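For reference, the structure is listed below as structure tokens.
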Amino acid sequence: MLAAATGWAAFAAALDAQAVELTARLNSLGEAWTGGGSDKAINAALPMVTWLQTASTQAKTRGLQATAQAAAYTQAMATTPSLAEIAANHITTAILMATNFFGINTVPIAFNEMDYFIRMWTQAALAMDVYQAETLANTLFEKLEPMTAILDPSMSGQSMAASPVFDMASQVTGVPASQLQATAGQLAEASGPMQQLTQPMQQMTSMFSQTGGMAGSNPADDESLQMGLVGTSPLSNHPLAGGSGASMGRVCCAGRRCRAPAGRWPARRS
């Protein structure tokens, strides 16, 4: 009970501190912000200060009740006959009854029994009655009403109506970066088969580009090399001029032995 009383006292002190701090904040707000909105905000928060003060008062009262309950328990324990006293009475009665020859201990036995059944029982019963009454008084707590709502119920309804939009936004923005990385990895894996499909086409394109490069390097296609052939006779032995001269046959027969048909060689003159 004493520990409970200490806890209630500390709780009441904390509530008082919160009430004082909130009052100071509201005063500062009233000095820094003036107008109708400021008055409404301060008036809406003032009931909270009153509620904190009421709760602190009730906490102090319950602390005092806990202290009173501890005192009542201590008083009941002190008033009730102790076990040692009861045991001494029983031992004395047993000895007197054991040595009661010819009734010489009848009066002491009666006195001892009366002390036990009348004084001890009455004292214990009275102590328990007082303790019970004090317990009922100390456990009778005043009900603490909940604090009134600061926000307007209609405004809270509007906020509830807008909550699905905020939930959707939170779901979109709440996607973890790891999930985005996993999605990017899946896209990269999916692009692998596409690269395999387009690889043959890329190879063919590369071959055509190489062929075009080779064709572009042909002397016959180089305009700078053809500038000196302007006006050249088609019967010239130059390869770029048509190659119809006598040297054309030698060029074609280069690297192999050429044979002319019979009767085509000119007769040898002596």
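Going by mature numbering (1 follows the signal peptide of the UniProt record, and there is no 0), the letters in the sequence shown line up with residues -19 to -1, 1 to 251, in that order.
Just so it is clear, CB atoms sit at the ideal spot from N, CA and C, and this is done for glycine as well.
Note that the coordinates shown come from a computational prediction; the quantities given were computed from them, not determined experimentally.
Please name the residue in T35, A49 and V30 whose C-alpha comes closest to that of A(-15). A49
Handout entry: Nearest-angstrom Cα separation, counted from W14 out to A(-11)
Key = 36 angstroms
Item checked: Reference L(-18), options T60, Q46, T35 and K21, closest by Cα -> Q46
Self-check item: Beta-carbon proximity check, T87 vs N81, cutoff 8 angstroms
Solution: yes
Can you list, in chain order, the residues of its chain with a C-beta nearer than 7 angstroms to that of P89? Leave out the 5 residues immediately preceding and following it. L77
- Task: Kindly indicate which three-state DSSP category E66 falls into: helix, strand or coil?
- Result: helix
Exercise for review: Whole angstroms is fine: what's the gap from A22's alpha carbon to T60's?
Suggested key: 58 angstroms
Taking only three categories from DSSP, how would you classify M92? First, the residue type needs correcting, since residue 92 is Phe and not Met in the sequence shown. The answer is helix: DSSP assigns F92 an H, G or I state.
Item to complete: Please go through the same chain and pick out, in chain order, the residues whose beta-carbon is closer than 7 angstroms to the beta-carbon of F(-9), but skip the five residues on each side of it.
Response: A40
### Message
Alpha carbons only, please: which of G16, A91 and G84 is nearest the one belonging to N70?
### Response
A91
| field | Whole-angstrom distance between D20 and A57, CA atom to CA atom | value | 56 angstroms
Requested in this report: Tell me where the alpha helix (DSSP H) around T38 begins and ends.
Outcome: G17 to T60
| field | T74 classed as buried or exposed, judged by whether at least 16 other C-beta atoms fall within 10 angstroms | value | buried
*asked:* Using only the alpha-carbon positions, how far apart do A105 and Q113 sit?
replied: 12 angstroms
Exercise. Would a C-beta distance cut-off of 8 angstroms place L(-5) and L27 closer than the cut-off?
Worked result: no
- Task: Flag this pair as yes or no: are the beta carbons of I72 and M101 separated by less than 8 angstroms?
- Result: no
Cβ-based burial, S37 [other Cβ within 10 Å; buried from 16]: buried
| Nearest to E115 (by Cα), restricted to the options A51, I99 and F83 | A51
Exercise for the section: Quick one: using the 10 Å Cβ neighbour count with 16 as the cut-off for buried, is R43 buried or exposed? Expected result: buried
task: Inspect the beta-carbon positions of M29 and L3 and report whether they are closer than 8 angstroms.
output: yes
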